[in-house]
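Only one structure is covered here, and it is reproduced in the block below.
Protein chains: 2
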Amino acid sequence: MTTGTITIGRLSARTGVNIETIRYYERIGLVPAPMRSAGGHRLYDEDASTRLSFVKRARELGFSLPEIRSLIGLEETAPTCADVYALATSHIQSIRKRINDLQALEQRLATLAANCSRSENTECPIIDALGGAYE
Amino acid sequence: MTTGTITIGRLSARTGVNIETIRYYERIGLVPAPMRSAGGHRLYDEDASTRLSFVKRARELGFSLPEIRSLIGLEETAPTCADVYALATSHIQSIRKRINDLQALEQRLATLAANCSRSENTECPIIDALGGAYE
DNA sequence: GCTAACATCTGTAGCGGCTACAGGTTCAAG
DNA sequence: CTTGAACCTGTAGCCGCTACAGATGTTAGC
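Pasting the structure below:
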């Protein structure tokens, strides 16, 4: 084995990214294909670990794989700071929208549940609200 | 055509559920297969419209299709009010969790973006935070 | 009645982002 | 040298639709 390289299992343990997911990222070209051992096993260097961690953190921040691809500079040109900022702010917008939607949803559900008798029969205000009310 | 029945297109327009989605719901058994015209076109009655609206509203409240299936009483037994209440409250929990997660995310992204120079070069604090910081 | 335009039909494949096999090979420890 | 763990490839499945392709049905106007 080449010095300083690790197997996919170790890389997975180190980065917290599932083995299958690492291979998936390779397949779609999000991370480069690593060198191989004589027998065909993947061998990763430090760079690979860095790049994979980057992807993972970006995922945790809610970026999609195509977005990460451009963040990582895999497109023709590496993104400028202004590009990244634009992507980040548009992301923030959509996160805020989702929060709003979810809060409205929570309100509606909570209201319905509050009216609920929790009895053992099949008469239920939640079902009523879904079914008969306004159709 | 039988009196009082409508085509899938009209049903779609009336309920706001996509035609393809209606057929999908039928295929997975979420709504019953309707009668057919001589030529094989689907013909829906009022009941179908009611049931489809039910499904749509439940989807809007964030219930999954399997959950809706049990809400609708397609399982062996129709759910009791207590069952529905349990499902609703567990839903509320998971919605609250998602709201929390998204708010934390928004915070992190906003903080990163605030430090951003928005310049036209490739040096960027967001990228730095993703890439180098702690690996 | 005939034609044109539109609606609907079936079946299948694709989206995102993985995850889970099956059935085989390689590696490392003892 | 053997064992057992780790790894390999390839494919199919998850959810909830959506988007075709290519065929057939329906309906309005002439």
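As they're listed, the protein sequences go chains A and B.
If you count the first sequence from 1, position 71 lands on 71 in the numbering used here, and the numbers rise without skipping.
To convert, count from 1 in the second sequence and add 1000; that's the numbering used here.
We put the CB at the ideal spot given by N, CA and C, even for glycine.
Can you round the beta-carbon distance between I1099(B) and I99(A) to whole angstroms, since I take them to be within the 8 Å contact cut? Yes, they are in contact, since the Cβ atoms of I1099(B) and I99(A) sit about 6 Å apart, within 8 Å.
Quick one: does G1192(B) have its CB under 7 Å from some CB of chain A? No answer is possible for residue 1192(B): it lies beyond the span of chain B, which begins at 1001 and ends at 1135.
Can the beta-carbon of R177(A) be found less than 7 Å from the beta-carbon of V31(A)? Since the first residue of chain A shown is 1 and the last is 135, residue 177(A) is not available in this structure.
Can at least three beta-carbon pairs, one atom from the segment 1060–1073 of chain B and one from the segment 1039–1047 of chain B, be found at a separation below 8 Å? Touching, no.
Closest Cβ-Cβ distance between A78(A) and chain B: below 7 Å? Yes, A78(A) lies at the interface with chain B (some Cβ there is under 7 Å from its Cβ).
Just verifying my parser: in three-state terms, what is the DSSP assignment at R36(A)? In the structure shown, the three-state DSSP call for R36(A) is strand.
Does the CB of V84(A) have a neighbour CB from chain B at under 7 Å? At least one chain B Cβ lies under 7 Å of V84(A).
Out of curiosity, what's the CA-to-CA distance linking T1077(B) and S1049(B)? Computed Cα separation, rounded: 23 Å.
For a quick check, are the C-beta atoms of A88(A) and L1109(B) less than 7 Å apart? Yes; because the gap between Cβ atoms is below 7 Å, this pair is in contact.
Would L1065(B) pass as an interface residue toward chain A - the criterion being a Cβ-Cβ separation below 7 Å? Look at L1065(B): its C-beta is not under 7 Å from any C-beta on chain A.
For L1065(B), name the three-state secondary structure that DSSP assigns. In the three-state reduction of the DSSP assignment, L1065(B) falls in the helix class.
Could you pull the DSSP bridge partners for I8(A) from this structure? Answer is none; I8(A) lacks a bridge partner.
Under 7 Å from the C-beta of H1111(B): neighbouring residues of chain A: The sequence given here places Thr at residue 1111(B); His does not occur at that position. Identification of chain A residues near T1111(B) by a Cβ-Cβ cut-off of 7 Å yields none; the smallest Cβ-Cβ distance measures about 10 Å.
Listing by chain order, which chain A residues have their CB less than 7 Å from the CB of L1105(B)? Here the neighbours are L61, G62, I95.
Coarse secondary structure for R1042(B), derived from DSSP in three states: Strand, per DSSP.
In chain B, which residues lie less than 8 Å from A58(A) when you measure between Cβ atoms? What A58(A) touches in chain B: L1130.
May I ask you to report which of helix, strand or coil DSSP gives S70(A)? If DSSP states are grouped into helix, strand and coil, S70(A) belongs with the helices.
So L1102(B) contacts chain A; which residues on that side make the cut at Cβ distance below 9 Å? Within chain A, G62, I95, R96, R98, I99, L102 have C-beta atoms less than 9 Å from the C-beta of L1102(B), given in sequence order.
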